[in-house]
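These protein sequence lines are chains A and B, in that order.
Heads up, the first sequence stops at 546 in my numbering, and the numbers go up one at a time, no gaps.
Heads up, the second sequence stops at 513 in my numbering, and the numbers go up one at a time, no gaps.
So the structure is just underneath, and the comments pick up after that.
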Amino acid sequence: GENVEQHPSTLSVQEGDSAVIKCTYSDSASNYFPWYKQELGKRPQLIIDIRSNVGEKKDQRIAVTLNKTAKHFSLHITETQPEDSAVYFCAASKDDYKLSFGAGTTVTVRA
Amino acid sequence: DAGITQSPRHKVTETGTPVTLRCHQTENHRYMYWYRQDPGHGLRLIHYSYGVKDTDKGEVSDGYSVSRSKTEDFLLTLESATSSQTSVYFCAIQGTENNEQFFGPGTRLTVL
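Rendered as structure tokens:
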């Protein structure tokens, strides 16, 4: 099955700086890559996703890039704010239905 | 919240007892999922359903069974709970617009 590795496991950034989280996947047939944010004690919520026919996608301060050849994708958060503190999960799927998740990255934004 | 509820929200049980968790949705979505979340493992798929009475296994299905007799309800059963099944369990549904998965509020299960 699909194996998704996510790095780093923890990330501490100064408010206003950028944060980058990287994920690699094993199955070259994977074509859908969502990112979820989970605040403490809450449910995971989708923040952005990308499909394999696109190399980059942006939504305000967040962006995701995909390198199909290298089988890795990354989440970029610019101008970080305290409300960006959360656990972020990447995931991959080859059929839009069964998602394989990374282990998560705990992001802390220091004021 | 995509009309997803889970019950119970918290449960403490003893090893060897059966446990059933319920996921209920109000928007007639075809696909429903059960995940478990453990530190260091992210979310792992237990079972999923693609219609009434249509279910299939995920990556960590051992020790779990599911049933879906109605579109709106997806039940997860631990036939004989073990301490390794202590976890937070999330149900999810698949939206129809972007195939986005929406998660329920979660159930925290502790097996003593």
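We put the beta carbon where it would ideally sit given N, CA and C, even for glycine.
Among the CB atoms of chain A, none fall inside 8 Å of the CB of B/Glu-415.
Closer than 8 Å to the CB of A/Asp-531 there is at least one CB belonging to chain B. C-alpha of B/Val-453 to C-alpha of A/Asn-502: approximately 38 Å in a straight line. At least 8 Å separates the beta-carbon of B/Ser-488 from that of B/Leu-513. Taking B/Lys-458 as the centre and dropping the five residues before and after it, the same chain places the C-beta of His-448 closer than 7 Å to its C-beta, in chain order.
By the C-beta density criterion, B/Thr-508 is buried, having at least 16 other C-beta atoms within 10 angstroms. Beta bridge pairing from DSSP links A/Tyr-460 with A/Val-439. Beta bridge pairing from DSSP links A/Gln-516 with no other residue. Straight-line measurement puts the Cα of A/Ser-447 at about 14 Å from the Cα of A/Thr-513. As a beta-bridge residue in DSSP terms, A/Ser-509 pairs with A/Lys-457 and A/Thr-500. Remark: C-beta atoms of B/Phe-504 and A/Arg-478 approach each other more closely than 8 Å.
Along the region 506-522 of chain A, there is no position whose C-beta sits under 8 Å from a C-beta of chain B. In the three-state reduction of the DSSP assignment, A/Ser-444 falls in the coil class, being assigned neither a helical nor a strand state.
An exposed status is given to B/Pro-419, since fewer than 16 other beta-carbon atoms sit within 10 Å of its beta-carbon. The three-state secondary structure of B/Ser-484, taken from DSSP, is helix. Comparing alpha carbon positions, the residue from A/Asn-488, A/Ala-538, A/Glu-450 and A/Lys-506 closest to A/Tyr-471 is A/Ala-538.
In chain order, Thr-515 place their CB closer than 7 Å to the CB of A/Asp-452, counting only its own chain and leaving out the 5 sequence neighbours on each side. Neighbourhood of B/His-442 in chain A, by CB distance below 7 Å: Ala-538, in chain order.
For the options B/Leu-479, B/Pro-506, B/Ser-484 and B/Ser-485, the alpha carbon positioned closest to that of B/Ala-493 is the one of B/Pro-506.
What A/Phe-524 touches in chain B, judged by beta-carbon distance under 7 Å, is Gly-443 and Leu-444, going in chain order.
Residues of the region 485-501 of chain B whose Cβ lies closer than 8 Å to any Cβ of chain A, in chain order: Phe-491, Gln-495, Asn-499, Asn-500 and Glu-501.
Under the DSSP assignment, B/Gln-407 falls in the beta strand (DSSP E) whose first and last residues are 405-408. According to the DSSP assignment, A/Lys-493 belongs to the beta strand (DSSP E) that extends over 491-494.
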